[in-house]
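Engineer:
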Amino acid sequence: MTSRRGRRGAAILVLCLSLVAVLSATGCSVLAGSVHKPAAADGPGKGAPEDGEAREAPSVVMFLGDSYTVGDRGVQPETTYASATARLLGWQVIVGGRAGTGFVAKGRGTEAFLGLFESQLGWRPAPDMLIVSGGHNDWRYPAPQVAAAAHLLIERARQRWPGTHIVLIGPLWGTGAPVPGAVAVRDALKGLAQQLGVPFVDPIGEKWITGDLLTGTGNAARLIKKDRTHPNPAGHRYVATRLAADVERMGLAHPVRKG
0 MTSRRGRRGA AILVLCLSLV AVLSATGCSV LAGSVHKPAA ADGPGKGAPE
50 DGEAREAPSV VMFLGDSYTV GDRGVQPETT YASATARLLG WQVIVGGRAG
100 TGFVAKGRGT EAFLGLFESQ LGWRPAPDML IVSGGHNDWR YPAPQVAAAA
150 HLLIERARQR WPGTHIVLIG PLWGTGAPVP GAVAVRDALK GLAQQLGVPF
200 VDPIGEKWIT GDLLTGTGNA ARLIKKDRTH PNPAGHRYVA TRLAADVERM
250 GLAHPVRKG
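Counted from 1, the sequence shown has number 173 at position 174 by numbering that gives the first Met the number 0; the numbering is strictly sequential.
1) Please say whether Leu88 and Ala219 have beta carbons closer to each other than 7 Å?
2) Would you mind giving the Cβ-Cβ distance between Pro232 and Thr78, rounded to the nearest angstrom? I have them listed as a contact below 8 Å.
3) Alpha carbon to alpha carbon, how far is Ile223 from Arg155? Give it in angstroms, no decimals.
4) Mind reading off the beta-carbon distance from Met128 to Gly95? Whole number of angstroms is fine, and I expect it under 8 Å.
5) On a CA-only basis, which of Gly114, Arg159, Asn136 is nearest Pro124? Give me that one, please.
6) If you draw a straight line from the alpha carbon of Ala187 to that of Arg139, how long is it in whole angstroms?
7) Please list the terminal residues of the continuous alpha helix (DSSP H) segment that includes Phe62.
8) Between which two residues does the beta strand (DSSP E) harbouring Gln91 extend?
9) In this structure, what does DSSP give as the bridge partners for Leu242?
10) Return yes when the Cβ of Gly173 is within less than 7 Å of the Cβ of Arg227, no when it is not.
11) Leaving aside the five residues before and after Ala243 along the sequence, list all residues of the same chain whose C-beta is less than 8 Å from its C-beta, in chain order.
12) Give me whichever residues DSSP pairs with Pro230 in a beta bridge.
13) Give the DSSP bridge partners of Ile130, in chain order.
14) Enumerate in chain order the residues of its own chain whose CB-to-CB distance from Ala192 is below 6 Å, with the five nearest sequence positions on each side excluded.
15) Here's a check: name, in chain order, each residue in its chain whose Cβ is nearer than 7 Å to the Cβ of Pro161, leaving out the five neighbours to either side.
16) Just list the residues that DSSP pairs Thr100 with in beta bridges.
17) Quick check: the Cα distance between Ala98 and Pro254, rounded to an integer number of angstroms?
18) Look at Gly133 and Gly101 and say whether their C-beta atoms are less than 7 Å apart.
19) Which stretch, first to last residue, makes up the alpha helix (DSSP H) that contains Thr174?
20) Which of the three DSSP states is assigned to Val74 in this structure?
21) Do you know offhand how far Leu152's Cα is from Arg185's?
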């Protein structure tokens, strides 16, 4: 008596022979281990990355600055405008600097921006862009001295990272009219940036913060803390939108290191 397994094997054999006969009659061929997909199903749609294809890495951007950048008392770097800008533009960000410092000013520490650059940032692999934001704490120093210190810092960064884009941000001012010393520092830094061919962002000239907290005028009343100097959380987010708009205008929203 024929077993059930034997009958099943015979049926499969008959089916395969029938399939070969049909394919031969139509001119098609069968390759072992291959599956042909219709043209419309061949891979992902236009512009979509293939499986395993390397995706473009986000730009690496470093910030160097004072308390506006790294955070004042009780504020962490990840909540300042620097990190907020990175989130808006999709950057990988490293935030360096220290409260109270500037190009000349050392705050309560022993280092101004150049020393902080060397100890916190300069030893790292080259970023796509370095943003240096300062001058607020330098208003008591002669503007030419501040510009000379900024020049030295920028040249040091260029020597260390020849292909890195550099952006210079002038003094940020919290509320009320900036003191003459701050305006002089802004003017000196702006002139230096033009001399060196470095993009310059001018928060004072662009009137990022307006009015006075004490009088309740302008946007200072809702963006600046009671200390009349530092942004509150909403202020940091607002400053980030202004900076993001400026770097987009400069064509540096997605910077790529040269060379």
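Cβ coordinates follow ideal geometry from the N, Cα and C atoms, glycine included. The structure presented is a predicted model; accordingly, all values stated were derived computationally and were not measured.
Structural biologist: Result, derived from the coordinates:
1) For Ala219 and Leu88, no; Cβs fall outside 7 Å.
2) Between Thr78 and Pro232 the Cβ distance is about 7 Å, and since that is below 8 Å, they are a contact.
3) Cα to Cα, Arg155 sits roughly 34 Å from Ile223.
4) The Cβ separation is near 13 Å, so there is no contact.
5) For Pro124, the nearest C-alpha among the options comes from Arg159.
6) In this structure, the straight-line span from the alpha carbon of Ala187 to that of Arg139 is close to 14 Å.
7) That residue, Phe62, is in no alpha helix (DSSP H); its beta strand (DSSP E) goes 59-64.
8) Counting along the chain, the beta strand (DSSP E) containing Gln91 begins and ends at 91-96.
9) Answer is none; Leu242 lacks a bridge partner.
10) Going by C-beta atoms, Arg227 is nearer than 7 Å to Gly173.
11) Thr84, Leu87, Leu88, Ala252.
12) Pro230 pairs with Ile223.
13) The partner list for Ile130 (beta bridge, DSSP) reads Phe62, Val166.
14) If we look at Ala192 and ignore the five residues flanking it on each side, its Cβ neighbours are Leu167, Phe199.
15) Beyond the five residues adjoining it in sequence on each side, Pro161 comes within less than 7 Å, by CB distance, of Gly258 in the same chain, given in chain order.
16) Under DSSP, the beta-bridge partners assigned to Thr100 are Lys105.
17) Those two C-alpha atoms are separated by around 27 Å.
18) Gly133 places its beta carbon less than 7 Å from that of Gly101.
19) From DSSP, Thr174 is part of no alpha helix (DSSP H); its letter is neither H nor E.
20) In this structure, Val74 counts as coil in the three-state DSSP scheme.
21) When rounded, the distance between both Cα atoms is 16 Å.
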